[in-house]
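So the structure is just underneath, and the comments pick up after that.
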Amino acid sequence: MNLFEIRFHGRGGQGAVTGAKILGDATRLENKHFQAFAHYGAERRGAPVMAFTRVADEAIRIHSYIYDPETIVILDETLLDIPSVQEGMNEDTFVVINTPQAPQDIKLKVKPKISTVDATKIALDVGILVAGIAVVNTIMLGAVVRATNIVTIESVKKAIRKGLAELPEKVIETNVEAAQRAYNELQMGY
Amino acid sequence: MSKIVSVTGNHSASWAARTAIPAVIAAYPITPQTTIVEKIAEFVENGDLKSEYVRVESEHSAMAACIGASALGLRTFTATSSHGLALMHEMLHWAGRARLPVVMPVVNRSLGPPWNIWVDHSDSMAQRDTGWIQFYASNNQEVYDTVLMLFRLCEAPKVLLPGMVALDAYILSHTFTSIEVYDHEEITDFLPSYHAGHWKLDPKDPMATGNIAGPEYYYELSYAIHEGFEAARKMIPRVEADFKKHFGRFHGGFIDTYQCDDAEVIFIAMGTMGEEAQLAVEELRNEGIRAGSARLRVFRPFPAEQIQALANKAKAFVVVDRSLSYGHLGGAVTEIRSALYRGGQTIPVQGVIAGLGGRDVSHTDIKKLIHLGFDAADKGEAKPDIFYGLKR
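Listed in order, the protein sequences are those of chains A and B. The opening residue of the first sequence carries number 158 in this note's numbering; numbering runs sequentially from there. The opening residue of the second sequence carries number 10 in this note's numbering; numbering runs sequentially from there.
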């Protein structure tokens with residue numbers, strides 16, 4: 158089974174789980190199979206959370222944890238110091254980080270393929286805030302697909318429109334444009 | 010028109026209810042099942058599902074309300090998990106003994122204390138003897154499909170039994186995948202509306218039910234339930250074949266076998282572990298190791314003959330239970346050994362307890378366990394049952 162596995166690290170309220178699901182929907186639009194799930198524990202706003210998207214060209218029969226993700230997405234750079242973020246990371250791992258820093262300034266235990274984008278700034282610029290917290294999940298999806306080529310940015314935009322369908326049209330389009338901006342502004346250090 | 014939706018295992022169950030249109034749904038939320046009944050409440054509120062949705066004050070009451078509704082001859086649905094299922098226990102017997110075809114997804118979750126909301130089959134295994142048909146699903150599409158199949162099976166005049174489909178907590182209940190769902194009109198050929206052929210409560214035709222039955226009657230009524238299960242045993246392959254004819258999918262019948270025809274060692278598990286085992290088998294086959302996987306999909310009625318048929322060809326079984334009957338062994342392995350004894354078969358059966366309370370069991374673990382089956386085949390006997398992954 159040819160799998161592509163993505164692990165999202167965020168803080169409760171940043172929309173990591175929704176991001177994982179929307180990315181799954183985007184892969185579905187390109188006729189792939191996916192699972193999107195969270196690591197459940199005691200959820201609360203601000204606590205570190207993990208979410209996952211598992212993608213394959215065929216029906217997925219794996220149901221166990223993701224130990225060695227191809228891609229690690231970090232929605233909040235203050236999480237870089239917690240041990241779980243660097244678990245399963247190696248030199249081939251794509252690591253996509255929401256930070257104003259350049260990829261070469263990020264220091265990790267191994268040297269993965271790092272790319273960075275200031276998604277929080279984008280969120281603040283365009284006003285994607287929920288209860289005062291910058292919600293960067295959809296924005297980071299633009300960065301993830303640029304870094305990994307897992308699906309096209311067009312599929313991500315369609316999936317964002319579908320995933321946020323219950324929100325006002327203007328909010329949806331703001332999210333779509335912000336994802337495109339992250340796609341454009343991503344700095345790739347590899 | 011059928012459509013593809015991205016949903017969790019819980020919402021797969023909700024969508025199945027929406028498709029089958031039960032007349033009455035009575036439910037009480039319990040994690041991690043909560044979103045099944047929340048979604049159904051939303052469907053009803055939005056007018057997408059014309060069911061009578063009854064909010065009750067406990068799971069015991071939820072099942073009692075379902076019993077009342079089903080006794081009126083109505084299609085009835087609820088969902089629960091873990092402690093909620095345990096609280097229903099008395100009413101589960103009632104539904105089984107009154108021959109009421111209530112259909113219920115059960116999200117398999119551990120029981121406390123300590124507080125643990127993750128996957129464990131102990132909750133539904135403990136309801137083995139309540140007179141409920143039991144299926145165990147391995148993916149979200151199977152959850153949806155099995156709910157529809159259960160209505161057909163349970164409501165059949167010769168069966169008339171309640172049925173549950175179990176799904177692994179979080180691994181299925183909270184994991185999004187794409188599934189195909191149908192409009193009600195698309196499934197009515199497969200699942201016609203329910204007409205209670207046996208008895209129903211009707212003010213125009215009054216009758217008493219649940220009255221006293223002394224030693225001269227009770228035994229025969231119990232045997233009649235057993236006959237209902239035997240009728241279900243005959244009917245399950247027909248329902249699955251008809252489902253495949255209508256919708257193109259087949260989930261394996263009693264036992265979902267994979268590469269078992271020439272397998273020396275067969276790995277048997279329930280739920281998602283049973284599906285992941287296929288991957289372990291695939292990897293072992295690539296190394297030239299003749300392994301097979303048999304996912305136990307139906308636990309009641311228990312498929313003893315199918316187990317015996319598998320043992321005719323294999324040299325050993327490895328059976329993993331995600332539950333533990335304290336003071337004895339796993340629930341599935343004891344029944345499998347019993348089936349083999351009745352069949353006069355003596356192949357080693359390596360019993361394994363694994364994955365309790367949500368402990369992860371991956372295909373890498375499954376490969377290790379299958380190797381234990383090969384050791385048992387070589388030696389002609391299995392080790393004492395193993396507690397895999399136990400930290401001591």
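Where is the CB? At the ideal position from N, CA and C, for every residue including glycine. Owing to the predicted nature of the structure, the values given are computational and were not obtained by experimental measurement.
Chain B beta carbons: is any one of them nearer than 8 Å to that of residue i?
| i | result |
| --- | --- |
| Arg164 of chain A | no |
| Asp182 of chain A | yes |
| Ile329 of chain A | no |
| Lys270 of chain A | no |
For chain A, find out if any of its Cβ atoms is closer than 8 Å to the Cβ of residue i; answer yes or no.
| i | result |
| --- | --- |
| Ser119 of chain B | no |
| Glu285 of chain B | yes |
| Val370 of chain B | yes |
| Ser15 of chain B | yes |
| Thr281 of chain B | yes |
| His380 of chain B | no |
Give every residue of the same chain whose Cβ lies closer than 6 Å to the Cβ of residue i, excluding the five residues on either side of it in the sequence, and list them in chain order.
| i | result |
| --- | --- |
| Ser302 of chain B | Tyr267, Phe276, Ala286, Gln287, Val290 |
| Met72 of chain B | Met97, Met100 |
| Ala208 of chain A | Phe165, Ala173, Val174, Ala177, Ala195 |
| Val283 of chain A | Thr331, Ala335 |
| Gly170 of chain A | Arg202, Ile290 |
| Gly283 of chain B | Ser147, Arg304 |
| Ile316 of chain B | Ile345, Ala348 |
| Gly206 of chain B | Pro166 |
| Thr184 of chain A | Phe191, Val212, Val308 |
Against residue i, what residues of chain A qualify as contacts under a CB-to-CB distance less than 7 Å, listed in chain order?
| i | result |
| --- | --- |
| Thr186 of chain B | Phe191, Gln192 |
| Ile180 of chain B | His220 |
In the DSSP assignment, what are the bridge partners of residue i?
| i | result |
| --- | --- |
| Phe326 of chain B | B:Ile275, B:Val358 |
| Ala289 of chain B | In DSSP, Ala289 of chain B forms no bridge with anything. |
| Pro205 of chain A | A:Arg168 |
| Arg304 of chain B | B:Asp265, B:Ala278 |
| Glu162 of chain A | A:Arg211 |
| Gly172 of chain B | B:Val112, B:Ile142 |
| Asn255 of chain A | A:Val274 |
| Asp177 of chain B | B:Asn117 |
| Leu286 of chain A | A:Ala291 |
| Phe194 of chain A | A:Phe209 |
| Tyr62 of chain B | B:Ile34 |
| Val14 of chain B | B:Ile188 |
| Phe86 of chain B | B:Ile34, B:Val112 |
| Ile395 of chain B | B:Val361 |
| Gln42 of chain B | None, per the DSSP bridge assignment. |
| Met345 of chain A | A:Ser272 |
| Gly228 of chain A | Correcting the residue identity first, residue 228 of chain A is Thr in this sequence and not Gly. In the DSSP output, where bridge partners are listed per residue, Thr228 of chain A has A:Ile163, A:Phe251. |
| Arg309 of chain B | B:Gln143 |
Could you list which residues in chain A have their beta carbon closer than 9 Å to that of residue i, in chain order?
| i | result |
| --- | --- |
| Leu288 of chain B | Met158, Arg218, Ile219 |
Give me the chain A residues within the contact set of residue i, using Cβ-Cβ distance strictly less than 8 Å, ordered along the chain.
| i | result |
| --- | --- |
| His183 of chain B | Phe194, Ala195, Tyr197 |
For residue i, which residues of its own chain have a beta-carbon under 8 Å away from its beta-carbon, when the five flanking residues on both sides are left out?
| i | result |
| --- | --- |
| Asp211 of chain B | Leu81, Gly82 |
| Glu296 of chain B | none |
| His69 of chain B | Leu96, Met97, Glu99, Met100 |
| Ala240 of chain B | Ala165, Lys167, Val168 |
| His255 of chain B | Ile196, Asp198, Phe199 |
| Ala222 of chain B | Leu230 |
| Leu162 of chain B | Ile142, Val168, Gly172, Ala241, Met244, Ile245, Val248 |
| His204 of chain B | Gly82 |
| Glu292 of chain B | His372, Lys376 |
| Ser3 of chain B | Nothing can be reported for residue 3 of chain B: it is not among the residues displayed for chain B, which extend from 10 to 401. |
Listing by chain order, which chain B residues have their CB less than 8 Å from the CB of residue i?
| i | result |
| --- | --- |
| Arg185 of chain A | Ile13, Ser15, Ser187 |
| Lys178 of chain A | Ser15, Phe185 |
CB-CB under 7 Å to residue i, same chain, minus the five flanking residues each way: which ones, in chain order?
| i | result |
| --- | --- |
| Asp271 of chain B | Arg299 |
| Thr114 of chain A | The requested residue 114 of chain A is not part of the displayed model; chain A covers only 158 to 347. |
| Thr277 of chain A | Asn255, Ala291, Val293 |
Selection of the segment 294-314 of chain A by Cβ proximity to chain B, strictly under 7 Å = Cβ contacts with chain B: none found.
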